[in-house]
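Counting from 1, position 35 in the sequence shown corresponds to residue 83 in our numbering; the numbering is continuous, with no gaps. First comes the structure, then the notes that go with it.
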Amino acid sequence: MWGLSFSVWFYISDQPTNVHHPPFLLLQVTSCAWVPDGCQLFTGSKCGVITAYSNRFTSTTPSEMEVESQVHLYGHTGEVTNLFVCKPYSILISVSSDGTCILWDLNRLCYVQSLSGHKSPVTAVSASETTGDIATVCNSEGGGSDLRLWTVNGDLIGHVHCRESICSVAFSNQPEGVSVNVIAGGLENGVVRLWSTWDLKPVREITFPKSSKPIISLTYSCDGHHLYTANSEGTVMAWCRRDQQRMKLPMFYSFLSSYAAG
């Protein structure tokens, strides 16, 4: 359940790093995003306010982080459902239950533009680190989800309807010209569907027979050779490319549950 404070966990330690307890503006945190270098942290709130924290680790206690400054960004009137940082293009993308999607300048912490056209709550967002293209997901009136693809300049490239609800999205990150990148969508039925970034045509599906729980989060490794997924049961799996292992199905490892590795 979302609360009024949060902690950050690092893979090198079993102890959480205490980041911040808002002393005067009590905002219920609903989403967060972290800049890879660790200097900036963004949180979205129930009321639509985004808070940008500038942080640094303390010199005395490495497990503690000091907030040097914080800035509030205003643009949404509903709950901030998702945040995404695209460091190569210096943008923060926020989406909300009010149907808005806003691009913010990561360096100046100011409004850039909005991606308009969503007629329902926007539930997921991601961006390509190679092209800057942006994928947004919103609820469809007839059920399921609508996936939209935009340029970094805010032009709509195309859209596709998915009969199942899309819970999360991520871009693959291979260099342009080397291979065709895809948008991975985590579905409510536990399936991961891949769409081509060229024409949004389905490429393939990745299924896990032992679970049909919603895929609530997914991301590609930096080299693009692995896709990591997490479902609502708390199971994290790593899928490798089929041509690397010469197997019919991607292999996986379960980190947080008792599932046997394939």
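We put the CB at the ideal spot given by N, CA and C, even for glycine.
- Tyr122 sits in coil when the DSSP states are folded into three classes, being neither helix nor strand.
- CA-to-CA, the gap between Ser117 and Ser176 works out to about 29 Å.
- In this structure Phe219 is in contact with Ser174, their Cβ atoms being roughly 6 Å apart against a cut-off of 8 Å.
- Note that the C-beta distance between Ile139 and Val160 is below 8 Å.
- By the Cβ criterion, the segment 160-169 is in contact with the segment 184-191, since at least three pairs of Cβ atoms, one from each stretch, lie closer than 8 Å.
- Taken atom to atom, the span from the alpha-carbon of Lys135 to that of Ser260 is near 33 Å.
- In terms of Cβ geometry, His124 and Thr148 form a close pair [threshold 8 Å].
- Secondary structure note for Glu253: its beta strand (DSSP E) is the uninterrupted segment 250-254.
- By the neighbour-count criterion, in which 16 or more other beta carbons inside 10 Å mark a residue as buried, Cys210 falls on the buried side.
- Between the alpha carbons of Leu204 and Thr179 lies a distance of about 14 Å.
- Note that the C-beta distance between Ile254 and Trp243 is not below 8 Å.
- Distance between Leu235 and Glu114, taken at the CA atoms: about 37 Å.
- With contacts defined by Cβ atoms closer than 8 Å, Leu157 and Ile141 do not form a contacting pair.
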